[in-house]
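2 protein chains.
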Amino acid sequence: MRRAVYAYLERSGKRLRPAVLLFSCGAVGGDEAKAIPAAAGVELFHTWTLVHDDLIDHDDTRRGGPSIHAMGRGLAETELGLGSEQAVDYGGTLSILAGDVQQGWTVCLFAELASRGVPAEVVLSLITRLESHVINAVIGGELLDVQYSRTPIDRLDEAAVLEMLRLKTGSLLEFAAMAGAMIGLGTGDVTHPTVEAIGRFALHCGTAFQLQDDLLGLLGDERTLGKPVGSDIREGKRTTLICYAFGRATPVQRRFLSGVLGNPRAGDADVAKAVDLLESVGAVRHTRDLAKGHIDQAIPCLERLAASESKELLLAWAEFMIRRQV
Amino acid sequence: MRRAVYAYLERSGKRLRPAVLLFSCGAVGGDEAKAIPAAAGVELFHTWTLVHDDLIDHDDTRRGGPSIHAMGRGLAETELGLGSEQAVDYGGTLSILAGDVQQGWTVCLFAELASRGVPAEVVLSLITRLESHVINAVIGGELLDVQYSRTPIDRLDEAAVLEMLRLKTGSLLEFAAMAGAMIGLGTGDVTHPTVEAIGRFALHCGTAFQLQDDLLGLLGDERTLGKPVGSDIREGKRTTLICYAFGRATPVQRRFLSGVLGNPRAGDADVAKAVDLLESVGAVRHTRDLAKGHIDQAIPCLERLAASESKELLLAWAEFMIRRQV
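Chains A and B, in that order, are what the protein sequence lines are. Numbering of the first sequence is given in the working numbering, commencing with residue 1 and proceeding in unit increments. Numbering of the second sequence is given in the working numbering, commencing with residue 1001 and proceeding in unit increments.
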């Protein structure tokens, strides 16, 4: 269990959420050292949602290693000598329980803020926001993701996909930035104008991040990403790329795409052809423009903040969303 | 999702945890009204652990209705028209995510105590205790339960089974009683002598409760229990009854028990014969004595409390543990 709880944390990740939290705290003039347990907390929150999502989505790799359920399944086979069906079960059990423990630990990290001098009402406001609003959004997004993956592509539109991204990825980044600002300002008020503005900034960045993720899932490098390229195609992942392409493709192209998307047995040649098709109909350009547009909307949200090193870091963080290749 | 989150709560349960929390608050002279969000919180904590455990243990019924994963599987088949494998998957997803939302909601209920006048440091102490110590104990117990169910019975002893019960059931009851006392006394100190004593009381009662549960799982009435009698036998549940019987049975009896325990296809006649065997070797009497012994140890823990109606309710609650038939 200990190995399962720590595994994802010991692998290198991008640490986007701790970064935006600490930069936001600094950008409002706060003491970043006070916010460190919250920075660890948002990373751990993200981690437990990954652990459960990987089980739900049957993803066997994460951050260049086995996902928790795959790790548990392997242990069950090699160390406990269980048969294949029982080993799958054991992996699932380990993943469910490890995620549950991590969710609890997340809350404890936030509670620890009080011992660093963050006022108790700020701490309780953060915990309540995270464990109600944020959890409902993230899990609502994951549920939409699961439902959309079973909805015919021609019945999904871009707005639905963007809403799913906002919930699944944007809402935690929004919270991370708000939490940093709230700790920095010493307020428990989630409607404080600076808190709201910095939250909106991170929400736009989150959407851009996820759009870039979809682009990298199509065009990126397997070794640097730590997950197989083309898996988004074989899984039939519903992205703005796919929505756009379906809207523009000829009937013949649509029929081809329908045969490859969500087909785990699709050959490499067909996957490569699908990627080419998405580029040739302009879907790649469209999604790049969408991502750029969100960063363009994010940046003015920081206008009210005085110039500072932390503000510069926030701006660089925003640019990273659409420049990154990992 | 809403239906999944509320389903167990809308069915009648014993509400043991809220009861001991409120009685404990009253018994130390506190205002029970202040403690109501915590009472709801411990029930909801128990509920999310049941939702995840039912998935892990493949239990399709709970409190006289379908468990969440079984409910989701049914919905997926009838309303979404999914095939059987996909429907199982959908049920699992719903159960994982519903439990996660409930865990978050649990924490929010505790955070709400602050608005009822419970000091913030008491609230943070309760949240930290619940989300670290208690979660680790409950989940450690569930993991032992899963591991023991795959361990040959002759390699398990009674002490191991009792330790599993202490973790899986006792630790949350202990917390509920401690939380009531802490709210009543207005202290965040989990080592306060009254808090410790009342926690010990509930821990003993929890073990007695679980022993009685094992007795009812063997001898109880399916209609009042809301789960099939004999399922403990077919599942091969590791109980003190089984440990005791294995220690006393003849080689022939052991061979018979080994063929029935954990055999989902065991016939009704063989299950009934196994029950008779557990009675005839004295296992039923032994487990009854164990349960009674824990109640006898629980009661003196309340000595330091002044006489009150709440104290009487705590004593009646303790007696209920071993008198109950549901």
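For every residue, glycine included, the Cβ atom is placed at its ideal position computed from N, Cα and C.
- Within the DSSP secondary-structure output, R62(A) pairs in a beta bridge with G65(A).
- Residues of the region 305-322 of chain A with a Cβ closer than 8 Å to any Cβ of chain B: none.
- Here the alpha carbon of E1010(B) sits roughly 15 Å from the alpha carbon of L1016(B).
- Secondary structure in the region 250-301 of chain A: the alpha helix (DSSP H) runs of 4 residues or longer, each lying completely within the stretch, are 251-260, 268-280 and 283-298 in chain order.
- Among the CB atoms of chain B, none fall inside 8 Å of the CB of I68(A).
- Here DSSP, grouped into helix, strand and coil, assigns A1208(B) to helix.
- For L143(A), the C-beta contacts it makes with chain B under 7 Å involve M1001 and L1097, in order along the chain.
- Between D145(A) and F246(A), the beta carbon gap of about 18 Å keeps them out of contact (Cβ cut-off 8 Å).
- In the structure shown, the three-state DSSP call for R1150(B) is coil.
- Chain-order list of chain A residues neighbouring V1123(B): L124, by C-beta distance under 7 Å.
- Taking a Cβ-Cβ cut-off of 7 Å, the neighbours of A1114(B) in chain A comprise L124, given in sequence order.
- Within chain B, the C-beta atoms nearer than 7 Å to that of T93(A) come from I1056 and V1146, in chain order.
- If you draw a 10 Å sphere on the C-beta of G1081(B), you find fewer than 16 other C-beta atoms in it, and that means exposed.
- When C-beta distances to chain A are compared with 9 Å, every residue of the region 1260-1284 of chain B stays at or above that value.
- One Cα belongs to A249(A), the other to L257(A), and the distance between them is close to 9 Å.
- One Cα belongs to G1267(B), the other to V5(A), and the distance between them is close to 41 Å.
- Under the three-pair Cβ rule at 8 Å, the region 301-311 of chain A does not count as touching the region 275-292 of chain A.
- According to the DSSP assignment, S84(A) belongs to the alpha helix (DSSP H) that extends over S84 to A111.
- With respect to L1044(B), L1109(B) sits close: the two C-beta atoms are nearer than 8 Å.
- One thing to note: H46(A) has its Cβ within 8 Å of the Cβ of L172(A).
- For D232(A) and G13(A), the gap between their C-alpha atoms comes out near 20 Å.
- Each of F1175(B), A1120(B) and V1028(B) was checked against the Cα of G1041(B), and the nearest Cα belongs to F1175(B).
- The residues K34, A35, P37, A38, V122, V123, L126 and I183, in chain order, have a CB closer than 8 Å to that of L113(A) in the same chain once the five nearest residues on each side in sequence are set aside.
- DSSP places M1001(B) in the coil class of the three-state scheme, outside both helix and strand.
- Collapsing the DSSP output to three states places H46(A) in a helix.
- Contacts with chain B at 8 Å (Cβ-Cβ) do not include D59(A).
- In this structure, H52(A) sits near I1096(B), with a CB-CB distance shorter than 8 Å.
- Inter-segment contact for the region 179-198 of chain A and the region 206-214 of chain A is absent: fewer than three beta-carbon pairs are separated by less than 8 Å.
- For a Cβ distance threshold of 7 Å, nothing in chain B lies close to E196(A): the least Cβ distance comes to about 21 Å.
- When Cβ-Cβ separations below 8 Å define contact, H1052(B) makes contact with chain A.
- Below the 7 Å Cβ cutoff, chain A contributes no neighbours of A1179(B), its closest Cβ being approximately 15 Å away.
- Listed along chain B, no residue sits closer than 9 Å to A40(A) by beta-carbon distance, the nearest being about 14 Å off.
- The count of Cβ pairs closer than 8 Å, one atom from the region 159-170 of chain A and one from the region 134-144 of chain A, reaches three, so the stretches are in contact.
- Each residue's CA atom was taken as its position, placing F1320(B) and R1200(B) some 17 Å apart.
- The C-beta separation of T1240(B) from L1162(B) comes to about 7 Å, placing the pair in contact by the 8 Å criterion.
- DSSP places V1020(B) in the uninterrupted alpha helix (DSSP H) bounded by L1016 to A1027.
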